[in-house]
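K.L.:
My questions all concern the structure below.
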């Protein structure tokens with residue numbers, strides 16, 4: 026599963042808000058809703074977030090293995 030937890034931490038560190046994403050990066054409110062809900066977004070959105078926040082992809086998303094700790 027993909028987690029956007031790093032995005033929220035990065036935004037806090039850089040004193041950015043969802044308004045910042047909308048105003049500076051033209052990220053739509055529906056895309057922000059999708060991010061908050063942990064839903065999928067396009068690679069173009071991920072690229073825009075990295076550009077707006079001046080960070081790398083691991084600062085935006087992380088992969089969490091759904092099967093971690095479960096027997097095969």
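Residue numbers (this note's numbering): 26 to 97. The beta-carbon is built from N, C-alpha and C at its ideal position, and this holds for glycine as well. Source: prediction; values computed, not measured.
1. Quick one: is residue 82 buried, meaning 16 or more other Cβ sit within 10 Å of its Cβ, or exposed?
2. Could you spell out the range, first to last residue, of the alpha helix (DSSP H) harbouring residue 53?
3. Any idea if residue 88 is buried or exposed, counting beta-carbon neighbours within 10 angstroms, 16 or more meaning buried?
4. Could you have a look at residue 64 and say whether DSSP puts it in helix, strand or coil?
5. Which term fits residue 35, buried or exposed, when burial requires 16 or more other beta carbons within 10 angstroms of its beta carbon?
P.N.:
Based on what the coordinates show:
1. Residue 82 sits at position 57 when you count from the first residue of the chain shown. Exposed.
2. By 1-based counting over the chain shown, the position of residue 53 is 28. Segment: none, residue 53 is in no alpha helix (DSSP H) and carries neither H nor E.
3. For the purposes of this step, residue 88 is taken as the residue at position 63 of the chain shown. Looking at its Cβ environment, which holds fewer than 16 other Cβ atoms inside 10 Å, residue 88 is exposed.
4. Within the chain shown, residue 64 is the residue found at index 39, counting from 1. It is coil, neither helix nor strand.
5. Working through the chain shown from its first residue, we reach residue 35 at position 10. Burial call: buried.
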